[in-house]
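Colleague: Just passing along the structure, written as structure tokens.
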Ligand code: HEM
Ligand SMILES: Nc1ncnc2c1ncn2[C@@H]1O[C@H](COP(=O)(O)OP(=O)(O)OP(=O)(O)O)[C@@H](O)[C@H]1O
Ligand SMILES: Nc1ncnc2c1ncn2[C@@H]1O[C@H](COP(=O)(O)OP(=O)(O)OP(=O)(O)O)[C@@H](O)[C@H]1O
Ligand SMILES: [Mg+2]
Ligand SMILES: [Mg+2]
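Protein chains in written order, with the working numbering: chain A, 1 to 212; chain B, 1 to 212; chain C, 1 to 247; chain D, 1 to 146; chain E, 1 to 222; chain F, 1 to 222.
Next comes the structure, spelled out in structure tokens:
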């Protein structure tokens, strides 16, 4: 029984079917990189795997149990970073992380997570004053706060410089060595040993607009 | 006399001096790619070149004339795309471009610009329903609407798929063949013949906070 | 403007200002104390009671100078703001921001003494007439100016925003001044600052002018101290950053 | 248009607007914001069924107190029209015949203004009592009780 | 230039209508809050008639204030303001276009609906005419002056508070003369003086507000 | 779970205070509004006394609405809401935390400052007591009911209209009984009936609002 198994999955976004018939499975310690042109549904798939978007068809299972049956448990085992950073501009970098740690901690302490992404020096600046890449680092640092076993990350490399990209890849590899799974989307290189999945293969010619 | 000449430039952001003593010059048809770690000041430099941020020191000249002397003329010769897309979510893709064309047109018609970035099919969708990369394409398509001679683009490749990245590089090369200049920041590859400038070389150890 | 010129503006003037402030401060402070003592004596002891108001009139020696200063300080801020915006002169920003709380203080004093005086004279603490209302708006403008200047993480931005506000709000100053002439207010028209001779007896006028000068001296002295403190603090910041950078 | 020309045009338009606006305001100001109406205005207007304020001078010799009661009667005049006023309550210190006054209340039946509040209006002259006496004696008194 | 100006105004109106946040929400606030007064105070025609114009003006002011903090905010956050500053259009005209569309989506609806609300307050015909005329001239002042406040507080730490603190005192003259016009009308006095003061204020703010707001916007773009 | 709930409420209060948009704006709003009314209506104590409670309720309503459309909006736009939905905390409790912090930064300051404003309107002691009690019970209703509206309108094409159309009618009962309490008090009648209706409304909205808002939030996250 695989850790994460997806069968025959189809997703609808804004009333249009984006892809269908998608299937893959991951064992503990494995990673999957989603590929595909813009608008092919990588983000949609990640949201669906996270439980933020109900699937239009098919099933997502964790250790054999459908995740829809216990969304809370699924939420607890997840670390999700979407296109949007989920950073409050009026809080400082450290305050942002401390908030998430208070809500759902148990992993690294916030200060260590900041340091892991080279943000220790600017921990006390309001997030509105961070550069694009610094804010992205902050979003990724959130992954470390919980002992999540499944990381879902949308274009982790976008906006990161080389050092931060290396740091992320190293941390992701460590996560997988510890038995974690990773599903990430990417357009360019991603220095992580991973299977590749091309969303274009599952595209729906013209996503019908009818919800029934 | 170069087209764009920058001498001894220093820039302040949020009261901190980010870099200083920067100098470079571009001839017609030349491109420059800004490199440097997150927070090294690439975006700051681009904003400064656009005239959105007054320099803390130094001078920016276009064909020998300081751009600060005639900001309007500078605005007219510019095409600027920052980290933020400048896209109104409540307008459709086509409406967004038509608005900018009405304000400051004279280049490609909006529908051609959409087509150049493969957005023709989704032209009538509200921008809020576009994927990350589709929205980024829309922002870049704005560059084509005016006959600008200087393109300033912040991380053009971020979020673009291969096709879109190629399209941008091709369009940029065409722009330069026509005598245009380009200054772009990038973390990864950028398939454009260009000089490279590393912002890290001009970093200020710890920008002082005093306005005098 | 060349780079060296702007560097001159940035560095030389605050330095010169500091020197000037050091030279001026003892004089203005001394003068303030002397004038205040004299004014208080003249106003509270020497001046005769009014033929109508009796001794209540002595509130005038505080109310009127405070009200004048409330207007004067705002005018100063507006002028400094114009200088700061046009010539981007940092010292003018510092002056405008240092003056703002002082002006607000004077406005509060004018409002408070005015109400105190209004109860026995008019029979009410407060009415919504044009003079009183426009002074209240002046207080709000001062508060807005102070709040805006401190609302940004970047000081320079706060200073510029506050300067723009100060200029826009200046329209209120002539309204305050002429409200008593333009409208039928409960507040009296001008007694001193009028085209013909003052409608106030010399025995009462002199103490009033003396107090007015004392208030002005107080303003100048405190302003100098505040500006000096701000300049030194900025210098300290510079040095601290430079040291940190050198290490 | 060059930048300079455009700036000049903008400045010109701005200043014209400013001047026109200021002229309009200053020209119209006198009769607008009224803290109180004069008795003449109030008699001329339709009798308002609501509280208003009237202002003027307390007519010389019009003040009468009802014996044993706190009610006072006087007339407020703007030197053209005088309006009878009735008030029950505490009068301010400065209230006196010949002094300025602002009265709030309703115009009652029979043209009597029933006041709910009386405010004294003070003028801009300040002088010691002796000087006032001297002025009155010498006939150079320009005060309000003329 | 004119076409470009119209493009900005049209876009803002389109956006406001499409979001609905501004035009109709503001109108709903206005109607609802005004209607509350008869409910809360009870059916005393004399009092209602007297407070009617004042309540309507105060509500028009608050309605304008309500929609102000969104005047530049979303354009500021999504980078549109940067781009607008780089077009050949002077920033002053951009402000004017924004203020115009703000008025079209708040001041104008309020002015149009005000007579209806006045009727509920049993304001008489003359009073209604005075009120409507005053609102027609006075609400553009609110949009213009408000644009200065909205621009000044962009990116400020306490944006909302500041906006209220800065803008409401500057609204007061319009309020006073607007209410004075209605009062004069119901007294049977001429409303021309009050209206011409309002018109004068409008001209003055037309001259000063775009300049001040543009200066504020430029410094906000750092 | 309790600690996590407190973390959300604390963060929201922190954000509100840091932005200042909510807590202090409410106070500024009240002071200014109370200045606006005498200015607009004219300084007639008898009338001011009568409209005082109505004005204060109208302002409480406006203050609540003023901050409502930002209740979830920025969290929605920057992706925080996605993440909150994934935490172990049930979305219903997230809503409750948000409504609580909304009340702490709007309803509570309104209730605390209301007696002062009432004094400015020369409302008598009994009236003030009734007013304050009614506000204390009534303003949480506004926050709870408002959270449903705010959640429903997230990302909707005509968000603002919906917010107005859905929320305003739901506010009416609270307003009517709130104003009735103050009126009863100043007539010397018992305020208990009005207050117990308010308390009943509060319990009902406490039961229904989090559930409805959570459902709305879940569908907004698609
Ligand atoms: C809260 C109530 C009051 C406020 C806000 C207020 C405000 C002012 C202001 C702003 C001025 C300066 C005007 C100018 O420079 O032209 C002033 C002057 C003056 N006020 Fe008041 N006032 C108040 C109450 C009173 C009262 C009750 C009296 C006396 C009955 C009074 C007597 C004067 C006098 C004599 C002047 C000097 C006029 C001159 O400049 O020649 N004020 N007041
Ligand atoms: N709005 C802002 N206010 C204040 N400081 C800022 C602001 N934006 C960026 N900074 C700071 O200015 C410095 C330069 O930022 P800038 O955005 O130019 O970096 P960058 O090279 O573009 O980085 P990235 O690769 O992450 O985009 C950084 O230290 C950053 O924290
Ligand atoms: N919020 C939304 N509402 C409606 N439709 C959407 C929304 N977001 C995306 N879409 C549409 O759904 C499809 C898939 O989008 P998605 O964001 O999953 O693509 P993606 O593969 O992540 O693309 P990118 O590489 O640009 O991030 C696209 O056609 C897009 O236009
Ligand atoms: Mg995507
Ligand atoms: Mg950058």
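Here a beta-carbon is modelled for each residue, glycine too, at the ideal position from N, C-alpha and C.
By the criterion of Cβ-Cβ separation under 7 Å, what are the contact partners of residue 102 of chain B in chain E?
Modeller: Residues of chain E passing the Cβ test: 3, 4, 7.
Colleague: Which residues, in chain order, does the stretch 85 to 119 of chain F contribute to contact with chain A at a C-beta distance below 9 Å?
Modeller: So the close ones are 85, 86, 87, 88, 89, 90.
Colleague: What residue ranges within the stretch 53 to 132 of chain C form continuous alpha helix (DSSP H) runs of no fewer than 4 residues, ordered along the chain?
Modeller: You should have 60 to 87, 90 to 122.
Colleague: What is the residue span of the alpha helix (DSSP H) that residue 84 of chain D lies within?
Modeller: No alpha helix (DSSP H) contains residue 84 of chain D, which is instead part of the beta strand (DSSP E) from 82 to 88.
Colleague: Once you ignore the five residues that flank residue 82 of chain D on each side, which residues in its own chain have a CB closer than 6 Å to its CB?
Modeller: So the list reads 59, 75, once near-sequence residues are dropped.
Colleague: Residue 129 of chain F CB to nearest chain E CB: under 7 Å?
Modeller: Residue 129 of chain F does not count as touching chain E.
Colleague: Could you tell me the distance, in whole angstroms, from the CA atom of residue 43 of chain C to the CA atom of residue 36 of chain D?
Modeller: About 34 Å.
Colleague: Does at least one heavy atom of ligand 2 sit under 6 Å from the Cβ of residue 73 of chain E?
Modeller: No, the Cβ of residue 73 of chain E stays beyond 6 Å of every heavy atom of ligand 2.
Colleague: Residue 50 of chain B versus chain E: which residues are under 7 Å apart at the beta carbon?
Modeller: Correct list: 86.
Colleague: Measuring CB to CB, does residue 45 of chain F end up less than 7 Å from residue 122 of chain F?
Modeller: Yes.
Colleague: Specify the secondary structure class of residue 158 of chain F as computed by DSSP and reduced to three states.
Modeller: Residue placement at residue 158 of chain F cannot be trusted, given a pLDDT of 49 that sits under 50; the coordinates are not used to answer.
Colleague: What residue does the alpha helix (DSSP H) around residue 120 of chain A start on, and which one ends it?
Modeller: Counting along the chain, residue 120 of chain A falls outside any alpha helix (DSSP H), and DSSP gives it neither H nor E.
Colleague: Does the beta-carbon of residue 138 of chain D have 16 or more other beta-carbons within 10 angstroms, so that it is buried, or is it exposed?
Modeller: Its Cβ having fewer than 16 others within 10 Å, residue 138 of chain D is exposed.
Colleague: Is the beta carbon of residue 104 of chain F closer than 7 Å to that of residue 115 of chain F?
Modeller: No; because the gap between Cβ atoms is not below 7 Å, this pair is not in contact.
Colleague: Can you name, in chain order, every residue of its own chain whose Cβ lies under 7 Å from the Cβ of residue 88 of chain A, other than the five neighbours on each side?
Modeller: Excluding residues within five positions, the ones whose Cβ falls inside 7 Å are 96, 127.
Colleague: What separation, rounded to the nearest whole angstrom, lies between the Cα atoms of residue 161 of chain C and residue 154 of chain C?
Modeller: Roughly 11 Å between the two C-alpha positions.
Colleague: What residues sit near ligand 4, counting only those whose C-beta is closer than 7 Å to one of its heavy atoms, in chain order?
Modeller: Spelled out in chain order, the answer is A/42, A/43, A/83, A/154, A/155, A/185, B/131, B/132, B/133.
Colleague: If you run the structure through DSSP and keep just helix, strand and coil, what is residue 13 of chain D?
Modeller: Three-state result, residue 13 of chain D: helix.
Colleague: DSSP three-state call for residue 107 of chain D: helix, strand or coil?
Modeller: It is a strand residue.
Colleague: Tell me, please, which residues DSSP counts as bridged to residue 115 of chain D.
Modeller: Paired residue(s): D/87, D/105.
Colleague: With hydrogens ignored, establish whether the beta-carbon of residue 64 of chain C is closer than 6 Å to any heavy atom of ligand 1.
Modeller: Yes, ligand 1 has a heavy atom inside 6 Å of this Cβ.
Colleague: Which residues in the same chain as residue 166 of chain C place their Cβ atom closer than 7 Å to its Cβ, once the five residues preceding and following it in sequence are excluded?
Modeller: For residue 166 of chain C, where only same-chain residues beyond five positions count, the Cβ hits under 7 Å are 77, 78, 81, 96, 145.
Colleague: Provide the residue span of the beta strand (DSSP E) that contains residue 200 of chain A, from first to last.
Modeller: Unbroken run through residue 200 of chain A: none, as it is neither H nor E.
Colleague: Kindly indicate the opening and closing residues of the alpha helix (DSSP H) around residue 190 of chain F.
Modeller: That residue, residue 190 of chain F, is in no alpha helix (DSSP H); it is neither H nor E in DSSP.
Colleague: In the stretch 127 to 207 of chain B, which residue ranges form an unbroken beta strand (DSSP E) of at least 3 residues, counting only runs that do not cross its ends?
Modeller: Taking only runs of at least 3 residues, the beta strand (DSSP E) segments lying wholly in the stretch 127 to 207 of chain B are 150 to 153, 181 to 185, 195 to 198.
Colleague: CB of residue 159 of chain A to nearest heavy atom of ligand 7: below 6 Å?
Modeller: Annotation note on ligand 7: not contained in the displayed structure, which lists ligand 1, ligand 2, ligand 3, ligand 4 and ligand 5 as its ligands.
Colleague: Using a 10 Å radius around the Cβ and a threshold of 16 neighbouring Cβ atoms, would you call residue 196 of chain F buried or exposed?
Modeller: That one is exposed.
Colleague: Tell whether a beta-carbon distance below 7 Å holds between residue 63 of chain A and residue 27 of chain A.
Modeller: Taking 7 Å as the Cβ cut-off, residue 63 of chain A and residue 27 of chain A do not qualify as a contacting pair.
Colleague: Compute every distance between the C-beta of residue 182 of chain C and the non-hydrogen atoms of ligand 1, then say whether any falls below 6 Å.
Modeller: Answer for residue 182 of chain C: no, Cβ out of range of ligand 1.
Colleague: Measuring CB to CB, does residue 76 of chain B end up less than 7 Å from residue 90 of chain E?
Modeller: No. Outside cutoff.
Colleague: Measuring CB atoms only, is the stretch 2 to 17 of chain A touching the stretch 58 to 73 of chain A, in the sense that at least three cross pairs come out at less than 8 Å?
Modeller: In short, these stretches touch, since the Cβ pair count reaches three.
Colleague: The beta strand (DSSP E) spanning residue 9 of chain B covers which residue range?
Modeller: That run of the beta strand (DSSP E) goes 4 to 13.
Colleague: Quick one: what's residue 62 of chain A bridged to in DSSP?
Modeller: Note: residue 62 of chain A sits in a beta bridge opposite A/4, A/65.
Colleague: What residue ranges within the stretch 110 to 158 of chain E form continuous alpha helix (DSSP H) runs of no fewer than 4 residues, ordered along the chain?
Modeller: Qualifying alpha helix (DSSP H) stretches, in chain order: 125 to 152.
Colleague: So which residues on chain E does residue 191 of chain F lean against when the C-beta distance must stay under 9 Å?
Modeller: Result: empty, since nearest Cβ-Cβ is about 15 Å, beyond 9 Å.
Colleague: What do you get for residue 41 of chain A, buried or exposed, if any count of 16 or more other CB atoms within 10 angstroms of its CB means buried?
Modeller: Its Cβ being crowded by 16 or more others within 10 Å, residue 41 of chain A is buried.
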